[in-house]
Amino acid sequence: MKPIDIEHQVLLALRATAGQVIHAIQRRITTAHGEGPGWRQVANTVNRLERRGWVRVIAEQEINQVWHPAYGLTDAGREQADRVHAQRTNATGAEVSA
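Residue 372 in my numbering sits at position 26 of the sequence shown, with consecutive numbering throughout.
If you want it as structure tokens, here you go:
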């Protein structure tokens, strides 16, 4: 489940806030200890998710006089994020009850 962990976290960040640029998404999934994927990894993941139809560009934001795409979830992306969250919750519940 390692590859989906990053994708799941990106989906959660996208779901929590509409219209986030890559840098903001990367900051939101980095822990307080500085652990998490780098900017390039997040950008690659978001590009993969966009190709799958799970995220799309919903706006643009100007940062330091450069326009960056801001991403949001599509309905399919929201459904996928909910599905992964439910699977993770069920797996955690199964471990606790065992």
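Using N, Cα and C, we set each Cβ at its ideal position, and we do this for glycine too.
key: Simplified DSSP state of Glu-381, which is helix, strand or coil   = Coil.
request  = Compute the Euclidean distance between the alpha carbons of Val-388 and Gly-382, then round it to the nearest angstrom.
outcome  = Cα-Cα distance, rounded: 10 Å.
ask   = How many whole angstroms separate the CB atoms of Val-401 and Gly-418, which I take to be in contact at a CB cut-off of 8 Å?
value = Right, their Cβ atoms sit about 7 Å apart.
message = Which runs of the beta strand (DSSP E) at least 3 residues long sit entirely within the region 372-442? Give them in chain order.
response = Annotation: the region 372-442 contains the following complete segments of the beta strand (DSSP E) (minimum length 3 residues), in chain order: 401-409, 412-419.
task = Just the C-alpha distance for Gly-399 and Ala-422, rounded to the nearest angstrom, thanks.
result = Straight-line Cα distance between these residues: approximately 7 Å.
Rounded straight-line distance, which links the Cα of Glu-406 to that of Thr-435 = Counting only the Cα atoms, Glu-406 lies some 34 Å from Thr-435.
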